[in-house]
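With this note's numbering applied, the sequence shown covers 1 to 483.
Just so you know, even glycine gets a beta-carbon here, dropped at the ideal spot from N, CA and C.
For reference, the structure is listed below as structure tokens.
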Amino acid sequence: MRKFVFIILTTALNLSCSDMLEETPKNFISKSNYYLNETEAEAAITGAYSSFDSDYYGIEYYLLVELHADFLIGRGGQAPISFFDQVLDFRGIGYAATSWNRLYQAINRANAVLDNVPGIENISESKKAQILAEAHFLRAMAYFNLVRFWGPVPLKISESSDLTTGSPREPESKVYDLILADAIKAEQDLPESVGGATGRASKWAAKMLLAQVYLTLENWEEAAKKANDVLESGRYTLVSVEKPDDFYKIFAAETHSEDIMSIHHSPNNLSSLPSYLHRPSSFPYNYSSQGFFAWIPDMNSFIGNDWDERDLRKSFNLYTKYVNAAGNTVSLPSDTPVLFKKFITNTAGLRVYSVPVYRYTEAFLIYAEASCMATGAVSDRALESLNKIKRRAYGLDINSSSVIDYLQGMSKEEFRDTVMKERAYEFLIEGRRWWDLKRTHKVKEAIAAVGKSFIDERYFLPIPPEEMNNNPLINQEDQNPGY
């Protein structure tokens, strides 16, 4: 349990030993007797990484990202999140509050490392630099998600024992300044290799984060440069695919050749995503024994008739039939005739081992989009980067021209829309679609395409009531519209 001990450190520090005790107990934890050596620095950064719950920053974060997209519909208590013509209901507000708290918890844990590890003497300088770089990376990631979800947010850059007080909302530009400063520092000091420990950040994960941030800020040149750095690194290759379930070499493998960073699981600590995607079914042929199928595919969207049946990603991501315990093929019931299949928990041996944070695949698509937007034209390399991903999706040789290739002749806008389509197919249920729609200003168009309307109040989440009540520098006038 030592690796989590720093989480309670700030609470312990609020107790005055001089007032309560004349002698400090030997097991009392304080900054002066905790942050002493490399082992304790490693424990602190491990605690910071634990902010990545079993599925990113907890399933509440994940469902808010996914259910704001255009290709799925919430069911049961999550259904109101999919009603884009109204503000979030009390459950949605609760999910938002949980995500806010977890993101700031992640920031506070990173701040604890940044505040205290520099003072440790019994540690090599290289290890200290790596641990601090990891903390910068984790803080940048948390703020990147906060600013995209909430817009202006409080900036907290020092460890605090009270996460709800004393910080005003800062402009998005100032938040992004901190994100970039942190991510650049991480890029400078993170190692090029973390071995098989892809649950920890490497230099290449930092470059992917920077590429993603620059893409969001429409700094096309820098986004293309960072993505190209990853492409040219020589460290990653696309996993080969010949049939749909070959994609499980990515999602049901402990590690693979395009894994830049991911959240890893074990048989005793599985992802909760399958429960949200599947109906419960019987051992040993189940996709999730605990399923309550809260996220239903919207077949009126791009994942319906417009999706080419030859694209192996379609039958990998969606299913209408399954094999039951008796070995018979059974159709899904009429009320849920199609479900998502990418993330599964099959007790016969096939299960989710990793939830991707960054895959090598994305470097190709970021480069394709950003380089085109930077120059205003579709270069041969941008087109080839896009086609490599499409060829892999069809089970073809990624380096050979094919009949399914996209061809030259597209305008800048047409090419970008095409990249967005490939991103949508490639990263289904990977937390990308909502952010892509927002940054390309395509939200209302995409939601209208599935027969819904979208009100402006849904672009941002509400600041949690707890924050409004306890932070003296935020009041109702600071609340996002509609709440």
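*Looking only at DSSP bridge pairs, what is Thr418 linked to?*
The partner list for Thr418 (beta bridge, DSSP) is empty, contrary to what the question assumes.
*Can you tell me the Cα-Cα spacing of Ser459 and His264, whole angstroms?*
The sequence as given places Tyr at residue 459; Ser does not occur at that position. Whole-angstrom Cα-Cα distance: 31 angstroms.
_Is the beta carbon of Phe83 closer than 8 angstroms to that of Phe454?_
Not a contact, by the Cβ cut-off of 8 angstroms.
*asked:* For a test of the three-state rule: what should DSSP assign to Ile263, helix, strand or coil?
replied: strand
*Count the C-beta pairs between the stretch 330-346 and the stretch 265-277 that are closer than 8 angstroms, then say yes if the count reaches three, no if not.*
yes
_Can you look up Pro465 in the DSSP assignment and give me helix, strand or coil?_
helix
*asked:* Just list the residues that DSSP pairs Phe340 with in beta bridges.
replied: DSSP, once it has assigned bridges, lists Leu318 as partnering Phe340.
*Going along the chain, which residues of its own chain have a beta-carbon closer than 6 angstroms to the beta-carbon of Asn480, five neighbours each way excluded?*
Phe460, Pro462
_C-beta atoms of Ala183 and Ala206 nearer than 8 angstroms_ = yes
*DSSP beta-bridge partners of Ser331*: DSSP lists Lys321 as partners of Ser331.
*Report yes if the CB atom of Tyr358 is closer than 8 angstroms to the CB atom of Tyr322, and no otherwise.*
no
*Could you check the C-alpha separation between Gly77 and Ser334 for me, to the nearest Å?*
20 angstroms
*Could you please give me the residues that DSSP links to Trp295 through a beta bridge?*
For Trp295, which the question treats as bridged, DSSP gives the partners Gly74.
_So, does the stretch 352-368 touch the stretch 224-237, judging by three or more C-beta pairs under 8 angstroms?_
yes
*Three-state secondary structure (DSSP) at Pro481?*
Three-state result, Pro481: coil.
*Once you ignore the five residues that flank Val65 on each side, which residues in its own chain have a CB closer than 7 angstroms to its CB?*
Taken in chain order, the residues that qualify are Gly431, Trp434.
_Three-state class that DSSP yields for Ile8 in the structure shown_ = Low local confidence applies: a pLDDT of 30 at Ile8 is under 50, so the model's placement there is unreliable, with the coordinate-based value given in what follows. In this structure, Ile8 counts as helix in the three-state DSSP scheme.
*Verify whether the separation of the beta carbon atoms of Arg200 and Lys438 is less than 8 angstroms.*
no
*Cross-strand partners of Asp53 (DSSP beta bridge)*: Tyr56
*Using 10 angstroms around the beta-carbon of Thr418, count the other beta-carbons present and answer buried if the total reaches 16, otherwise exposed.*
buried
_Per-residue DSSP class, three states only, for Ser401_ = DSSP places Ser401 in the coil class of the three-state scheme, outside both helix and strand.
_Rounded Cβ spacing between Phe316 and Asp245 (contact assumed at less than 8 angstroms)_ = 7 angstroms
*Quick one, are the C-beta atoms of Ala133 and Ala48 less than 8 angstroms apart?*
no
*Within this structure, are the beta carbons of Arg102 and Gly58 separated by less than 8 angstroms?*
For Arg102 and Gly58, yes; Cβs fall inside 8 angstroms.
*Under a Cβ-count criterion, where at least 16 other Cβ atoms within 10 Å of its own Cβ denotes burial, should Pro267 be classed as buried or exposed?*
exposed
_Quick check on Arg351: buried or exposed, where buried means 16 or more other Cβ atoms within 10 Å of its Cβ?_
buried
*asked:* Within the continuous alpha helix (DSSP H) that includes Tyr276, where are the two ends?
replied: Residue range 273-277 is occupied by the alpha helix (DSSP H) that includes Tyr276.
*Are the beta-carbon atoms belonging to Glu60 and Tyr104 less than 8 angstroms from one another?*
No, these two residues do not count as a Cβ contact at 8 angstroms.
*For Glu430, which of helix, strand or coil comes out of DSSP?*
coil
_Beta-carbon contacts of Ala186 that lie in its chain and below 6 angstroms, excluding the five residues immediately before and after_ = Ala133, His136, Phe137, Ala206
*At a cut of 8 angstroms, does the stretch 292-310 reach the stretch 233-242 through at least three beta carbon pairs?*
no
*Between Thr336 and Asp298, what straight-line distance do the alpha-carbon atoms span, to the nearest angstrom?*
11 angstroms
*Exposed or buried, what is Gln408 when buried is set at 16 or more other beta-carbons lying within 10 Å of its beta-carbon?*
exposed
*Who does Pro154 pair with in a DSSP beta bridge?*
For Pro154, the pairing in a beta bridge is given by DSSP as Arg169.
*What is the DSSP secondary structure of Ser354, counted as helix, strand or coil?*
strand
*Using the Cα positions of Asp70 and Leu36, report the straight-line distance between them to the nearest angstrom.*
Asp70 and Leu36: Cα-Cα distance of roughly 50 angstroms.
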